[in-house]
Structures are given as structure tokens and as C-alpha cells.
Amino acid sequence: MKFTINVECSPEEARRFMGLPDVTPINEALVGEMTKRMEANMQLMSPDTMMNAWMSVGTQAQDAFVRMMTSAAGSAMPGASREKP
45 MKFTINVECS
55 PEEARRFMGL
65 PDVTPINEAL
75 VGEMTKRMEA
85 NMQLMSPDTM
95 MNAWMSVGTQ
105 AQDAFVRMMT
115 SAAGSAMPGA
125 SREKP
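Counting from 45, one number per residue, gives the positions in the sequence shown under my numbering.
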């Protein structure tokens, strides 16, 4: 035999009926903190800031590559001049 019971109630009423804790204050605090952090980090996502950060990393990587290649070429050719251009 099979019985089906339909209960109409709000989520708040169901939570109370089942004895579950009210986590609304914790949720509101969490969402508020996440909102604050997201707004603070929005400055970092501006196109100008992102391009400046990307370009500085690209320039540093290029400089390191040139130094590495110059050093390798200098050590491979013992008679080569080691003067910087």
C-alpha cells in the first residue's frame, strides 16, 4: 500500500517543522563580506590596471630571456666580446 501526503508550507515553516537552525543571519553576513571584497577587487579589474600589469610581466620576461640568451651566447664563444650594447 502506498500513501502520498502533500503539505503546503513556506520554506520557513518547513525549516521550523523539521527543527533546522535559522542560518539567515550567517548567510547575510557572508553575502555582505563577499560583496565588500568583490567591490574592493573591482579596481584591479579595470582595463588600464590589467594592461599595465600584463605589460610589466611581459617586459620582465623579455628582459630575462635576453639576459639568458646573451649569457649563453657569451659562454659558448670564449673569444666573444662581453660588452653591453
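Here a beta-carbon is modelled for each residue, glycine too, at the ideal position from N, C-alpha and C. Only a predicted model underlies this, so the values are computations on that prediction, with no experimental measurement involved.
Three-state class that DSSP yields for residue i in the structure shown
{"i": "Val-67", "result": "coil"}
{"i": "Ser-90", "result": "coil"}
{"i": "Glu-52", "result": "coil"}
{"i": "Phe-47", "result": "coil"}
Among the options, nearest to residue i - alpha-carbon criterion
{"i": "Pro-55", "options": "Gly-118, Thr-68, Lys-46 and Glu-83", "result": "Thr-68"}
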